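Quick note: the sequence shown uses this note's numbering, first residue 248, plus one each step. Even glycine gets a Cβ: it sits at the ideal position worked out from N, Cα and C. In this text, all values refer to a predicted model and were calculated from it rather than measured experimentally.
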Amino acid sequence: MQTHDIKPLIAARPASPLNGTLRMPGDKSISHRALMFGALAVGETRISGLLEGEDVLRTAAAMRVLGAEVVQDAPGAWRVSGRGVGGLTEPADVLDMGNSGTAARLLAGILASHPFFSVMTGDASLRRRPMRRVTDPLAMCGARFLTREGGRLPLAIEGARDALPLEYRVPVPSAQVKSALLLCGLNAPGITRIEEPEATRDHSENMLRHFGAAVTVEEAGRVRVISLQGQPHLRAADVAVPGDPSSAAFPVVAALLVPGSRLRIEGLGLNPLRCGLFTTLREMGADLTVENERMEGGEPVGDLVVRHGPLRGVEVPWDRAPSMIDEYPVLAVAAACASGTTRMLGLKELRVKESDRLAATAALLTENGVKAEIVGDDLVVHGSGKPPAGGAVVKTYMDHRLAMSALVLGLATETPVGVDDASFIDTSFPGFVALMNGLIAAPALRAA
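Pasting the structure below:
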């Protein structure tokens, strides 16, 4: 049974280059965390630039149900009056996290160390995604979890009465798992220590410090050990959310592929643990420059200038995956238009995203005339340096990033590319179609 309005879209090669100056929606990862940390702090936190996509709005709604006051003053401008660490209240209803894996997993960490009962669910896509990667280690604090077979939502949580601090080595690099454990450790006495084998996005560590928690990070080669002093007095702290680099990936790649294009993206978050795509595109020969670099709210920010130019195939190392895990589908689109072979190594994590993104990305390409193959956990794309044929309608599996990647491909192919459903784009990038069409002389993305 469908629970949403299906919105097929089609993208065709534009009649003009992409040109303009734009700002991305607020960073989704930072937006989720700003709302959560604001709810756990004492006092009023003001948030500017908050992403108002469905995923983040689900987090705002959950924080309200848990007792925090969350108010929107204007577009992007929000206030959160928090309850303090350990001060959230038992929800009277099920917490519905929609399509957001980030919201569900991070919230599980908060709920695990609060001494009350809660139930969390999500949409059909989220209910297929595994949760044991967070519930298994969170259970070590004393919480109890009940899920469907395979560790999937709905999830019932009986929070720990006296939460224990955690010591855990994350087996696979995951900022979501790390952040869930740190959020749990906030409400436990003593030191919570999380060891990760590869550095993942560190927005949680940055924001914990911003709100007054004591966090240290020790590095030994690639291994990072994050230590958090539990039960801190978090104080309200204003947060300016930078533009989302994961959202910027789509107009960036589109500008690289459409001849004559030039874009300037202002106020973009440039955390090095989030910018693996830009590193890779530069290795492929992309003309990307950063201007006006600065720090805002503990995060590096700058203006990114993108110019069209030819791309070449490269090998993307496996250890870069944590810094660009959401950008592989649109990188594969760039590789499809590059000269030579691009090998993207170690993409096992893509199999447990909103869809099996590894298989779905390969299908997106092959159905549109691109030679691509999966070898183990690697994606190999054989680019010809010419526009692919196009012409397919891509099955998106309720995955917003697959939908946007397919539409970007349609801007470069010989014949238009369609998607079976673009309704889920708004979960992460509200206004995507209008923004893309606003960069060209005549709309290239339209209803099918």
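Rounded C-beta distance between A579 and V628? I'm assuming under 8 angstroms.
-> Reading the sequence shown from its first residue, position 332 is the one you call residue 579. Reading the sequence shown from its first residue, position 381 is the one you call residue 628. Yes, A579 and V628 are in contact; Cβ-Cβ is about 6 angstroms, under 8 angstroms.
List in chain order: all unbroken alpha helix (DSSP H) runs of 4+ residues lying wholly within the segment 576-628.
-> Listed in chain order, they are 604-613.
Going along the chain, which unbroken runs of the alpha helix (DSSP H) with 4 or more residues stay wholly within the segment 453-535?
-> 492-504, 523-530, all fully within the segment 453-535.
Assuming V417 contacts P444 under a Cβ cut-off of 8 angstroms, what Cβ separation, rounded to an integer in Å, is found between them?
-> Within the sequence shown, residue 417 is the residue found at index 170, counting from 1. Within the sequence shown, residue 444 is the residue found at index 197, counting from 1. Contact flag correct, Cβ pair sits at about 7 angstroms.
By how many angstroms is the C-alpha of D449 removed from the C-alpha of E562?
-> One-based indexing of the sequence shown puts residue 562 at position 315. One-based indexing of the sequence shown puts residue 449 at position 202. About 25 angstroms.
Is it right to say P395 is buried, meaning 16 or more other beta carbons lie within 10 angstroms of its own, or is it exposed?
-> Mapped onto the sequence shown, residue 395 falls at position 148. Here the sequence assigns Arg to residue 395, which means Pro is not the residue at that position. Here R395 is exposed: its Cβ has fewer than 16 other Cβ atoms, across all protein chains shown, within 10 Å.
At which residues does the beta strand (DSSP E) containing T368 begin and terminate?
-> Your numbering for residue 368 matches position 121 in the sequence shown. Unbroken beta strand (DSSP E) run through T368: 364-368.
Taking P384 as part of the alpha helix (DSSP H), name the residues at either end of that continuous run.
-> Your numbering for residue 384 matches position 137 in the sequence shown. First-last of the alpha helix (DSSP H) with P384: 379-385.
With 16 as the cutoff for other CB atoms within 10 Å, does I253 come out buried or exposed?
-> Here residue 253 corresponds to residue number 6 of the sequence shown, with the count starting at 1. Here I253 is exposed. Its C-beta has fewer than 16 other C-beta atoms within 10 Å.
Is the segment 468-484 close to the segment 282-298, with three or more CB pairs under 8 angstroms?
-> With the cut-off at 8 angstroms, the segment 468-484 and the segment 282-298 touch.
Below 8 angstroms, can you find three or more Cβ-Cβ pairs linking the segment 521-535 to the segment 592-610?
-> Taking 8 angstroms as the limit for Cβ pairs, the verdict is that the segment 592-610 does not touch the segment 521-535.
Three-state secondary structure (DSSP) at L269?
-> One-based indexing of the sequence shown puts residue 269 at position 22. L269 falls in the strand class under three-state DSSP.
Segment contact flag, the segment 345-355 with the segment 415-432, C-beta cutoff 8 angstroms, min 3 pairs = Flag = yes, the segment 345-355 and the segment 415-432 touch.
CA-CA distance, A694 and E442?
-> On the sequence shown, residue 694 is found 447 positions in, with the first residue counted as 1. On the sequence shown, residue 442 is found 195 positions in, with the first residue counted as 1. Taking the straight line from one Cα to the other gives about 47 angstroms.
For L298 versus D274, is the C-beta distance shorter than 8 angstroms?
-> One-based indexing of the sequence shown puts residue 298 at position 51. One-based indexing of the sequence shown puts residue 274 at position 27. Here L298 is near D274, since their CB atoms are less than 8 angstroms apart.
Run of the alpha helix (DSSP H) containing A309, from where it starts to where it stops = Residue 309 sits at position 62 when you count from the first residue of the sequence shown. For A309, the enclosing alpha helix (DSSP H) starts and ends at 301-312.
Which value, in whole angstroms, describes the spacing of the CA atoms of G637 and L611?
-> Here residue 637 refers to the residue found at position 390 when the sequence shown is read from its first residue. Here residue 611 refers to the residue found at position 364 when the sequence shown is read from its first residue. Spanning the two alpha carbons is a distance of roughly 10 angstroms.
Which listed residue (N518, I404, S360, G437) has its alpha carbon closest to that of T368 | For this step, residue 368 is matched to residue 121 along the sequence shown. Ranked by how close their Cα comes to the Cα of T368, the residues N518, I404, S360, G437 have I404 in first place.
Have a look at V537 and P663 and give me their C-alpha separation to the nearest angstrom.
-> Numbered from 1 along the sequence shown, position 290 holds the residue referred to as residue 537. Numbered from 1 along the sequence shown, position 416 holds the residue referred to as residue 663. Take the alpha-carbon of V537 and the one of P663: they are about 32 angstroms apart.
If we count the other Cβ atoms within 10 Å of its Cβ and call it buried at 16 or more, is M248 buried or exposed?
-> Your numbering for residue 248 matches position 1 in the sequence shown. Low confidence applies to M248: its pLDDT is 33, below 50, so where it sits in the model is not reliable enough to give any reading.
Pairwise C-alpha distance: L517 and N266 = Residue mapping note: residue 266 aligns to position 19 of the sequence shown, counting from 1. Residue mapping note: residue 517 aligns to position 270 of the sequence shown, counting from 1. Each residue's Cα considered, the two are about 22 angstroms apart.
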